[in-house]
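Asks: The structure that follows is given in the form of structure tokens.
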Amino acid sequence: MKPTSASPGSRALAASLREVRVARGEGLRELARMVRILPQLLSAWEKGQRVPGPEDVARLLGALRVDDATYDRMMRLARHARDDNWLDSNPSDLPPALSGIVEYERTATRITMWSLAILPGILQTPDYARDVLSNVEIGLEQADAMLVARLDRQRILVKPEPVRLTAFLGEMAIREQIGSVDIMSDQIDHLIEMAGLRNVSLRIVPRNIGYHPGLVGPFVVYEFGTLPAIVHLESSHATAFLNDADVVRGYRRQAQVLAGKALSEDDTRALLREVAR
Numbered sequence: 001m002k003p004t005s006a007s008p009g010s011r012a013l014a015a016s017l018r019e020v021r022v023a024r025g026e027g028l029r030e031l032a033r034m035v036r037i038l039p040q041l042l043s044a045w046e047k048g049q050r051v052p053g054p055e056d057v058a059r060l061l062g063a064l065r066v067d068d069a070t071y072d073r074m075m076r077l078a079r080h081a082r083d084d085n086w087l088d089s090n091p092s093d094l095p096p097a098l099s100g101i102v103e104y105e106r107t108a109t110r111i112t113m114w115s116l117a118i119l120p121g122i123l124q125t126p127d128y129a130r131d132v133l134s135n136v137e138i139g140l141e142q143a144d145a146m147l148v149a150r151l152d153r154q155r156i157l158v159k160p161e162p163v164r165l166t167a168f169l170g171e172m173a174i175r176e177q178i179g180s181v182d183i184m185s186d187q188i189d190h191l192i193e194m195a196g197l198r199n200v201s202l203r204i205v206p207r208n209i210g211y212h213p214g215l216v217g218p219f220v221v222y223e224f225g226t227l228p229a230i231v232h233l234e235s236s237h238a239t240a241f242l243n244d245a246d247v248v249r250g251y252r253r254q255a256q257v258l259a260g261k262a263l264s265e266d267d268t269r270a271l272l273r274e275v276a277r
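Heads up: the sequence shown begins at 1 in full-length UniProt numbering, then just goes up one per residue.
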């Protein structure tokens, strides 16, 4: 039987529990004592080895005295932690989906992504990311928190054992001006730098090549050593994480189609240098 810890929501819940405890300045043993459970059990919850029920999560959050927004988003996550697929459709506060993304990126061995018109967060410069987030219908405090998290996530590309990233980008994403001319120029320079990393494969899919499955929308496939892969789909008002085997295979096929239509890595770098001039 597939372990419940393999589900997208349970992995995000584990990361969120750890984040909230640390943010509140409580040690693992102290929190376990406060809610009268063994430290080993709390540790297993935070590592995703076991999945706490909503009642358990509520007790932890009560002991930590979190604010209402944190309580609500964590309880939404707890109620769906065992679901094979996870949909987060409440963007009114810092979404639990962000904790999921951070955890998937941290533990993935390979990430394959496609973005048609907006550069993915993991490749954005601070100014580019700030301009994108400033045009999203969220509060200033949430935008600042998301910006910090987005930039911090980029460390996975340069850590001692970095994740292998394959990023397919629509040509529109490098030609559409986001922010000022200087912001976009710095962003293109950053892409050129990222394309030079040994663990990063950056490939542009040209415009005007006819229909291809990438026109339907962006996607990310997270691959892990032993746990099932997860597909991440995102729109302006909802985020979905899917680990159904047929769905994962379908998006892997889409990536193969994009690979057949994309410029080579060398031609991509040449195009980026041309756009940068």
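Yeah, the Cβ is synthetic: ideal placement off N, Cα and C, and Gly gets one too.
Rounded to the nearest angstrom, how far is the Cβ of L133 from that of A143, given a contact under 8 Å?
Replies: So it is a contact: roughly 4 Å between Cβ atoms.
Asks: Can the beta-carbon of N85 be found less than 8 Å from the beta-carbon of N243?
Replies: Yes.
Asks: Helix, strand or coil for I183, going by three-state DSSP, please let me know.
Replies: In the structure shown, I183 sits in a helix (DSSP, three-state: H, G or I).
Asks: Around the Cβ of I178, are there at least 16 other Cβ atoms within 10 angstroms (buried) or fewer (exposed)?
Replies: Buried is the call here.
Asks: Under 8 Å between C-beta atoms, does G121 make it to chain C?
Replies: In summary, chain C is missing from the structure at hand, where a single protein chain is found.
Asks: Taking just the CA atoms, how far does A262 sit from R153?
Replies: Cα-Cα distance, rounded: 26 Å.
Asks: Please report how far the alpha carbon of Q256 lies from the alpha carbon of K47, in whole angstroms.
Replies: Going by the C-alpha atoms only, they are around 33 Å apart.
Asks: Under the DSSP definition of a beta bridge, which residues are partnered with S201?
Replies: Per DSSP, T166.
Asks: Helix or strand or just coil, what does DSSP make of residue 285?
Replies: The requested residue 285 does not occur in the structure, where the chain is confined to residues 1 to 277.
Asks: To the nearest angstrom, report how far apart A6 and P228 are at their CA atoms.
Replies: Going by the C-alpha atoms only, they are around 7 Å apart.
Asks: Under 8 Å by Cβ, that's how I've got V20 and V66 pegged, so tell me the actual separation to the nearest angstrom.
Replies: Correct: roughly 6 Å between the Cβ atoms.
Asks: Can you check whether the CB of I192 is closer than 8 Å to the CB of R273?
Replies: For R273 and I192, yes; Cβs fall inside 8 Å.
Asks: For the 8 Å Cβ check, are there 3 or more pairs between the stretch 122 to 136 and the stretch 165 to 178?
Replies: With the cut-off at 8 Å, the stretch 122 to 136 and the stretch 165 to 178 touch.
Asks: Is it the case that the Cβ atoms of I118 and A195 are separated by a distance below 8 Å?
Replies: Taking 8 Å as the Cβ cut-off, I118 and A195 do not qualify as a contacting pair.
Asks: Can you find the residues in the same chain that come closer than 8 Å, C-beta to C-beta, to H212, ignoring five residues on each side of it along the sequence?
Replies: Cβ within range, chain order: V205, V257, L258, K261.
Asks: Just to confirm before moving on: does the CB-CB distance between T109 and V163 stay below 8 Å?
Replies: In contact: T109 and V163 (Cβ atoms closer than 8 Å).
Asks: Could you tell me the boundaries of the alpha helix (DSSP H) in which L271 lies?
Replies: Its alpha helix (DSSP H) spans residues 265 to 276.
Asks: In terms of residue numbering, what span does the alpha helix (DSSP H) encompassing R21 cover?
Replies: Here the alpha helix (DSSP H) through R21 covers 8 to 23.
Asks: Is the beta carbon of V57 less than 8 Å from the beta carbon of M34?
Replies: Their beta carbons are not under 8 Å apart, which means V57 does not touch M34 by this criterion.
Asks: Give me the Cβ distance between G9 and L116, rounded to the nearest whole Å; I'm assuming they're in contact under 8 Å.
Replies: Contact flag wrong, Cβ pair sits at about 27 Å.
Asks: DSSP beta-bridge partners for F219?
Replies: Its beta-bridge partners are W114.
Asks: Helix, strand or coil: which one does DSSP assign to L151?
Replies: Here L151 sits in helix by DSSP.
Asks: My assumption, with CB atoms under 8 Å, is that L42 sits in contact with L28. Please give the rounded CB distance.
Replies: L42 to L28, Cβ: 6 Å. Contact.
Asks: For the beta strand (DSSP E) that L233 lies in, which residues bound it at each end?
Replies: From DSSP, the beta strand (DSSP E) with L233 extends over 230 to 234.
Asks: Per DSSP, A240 forms a beta bridge with which residues?
Replies: A240 pairs with L87, L233.
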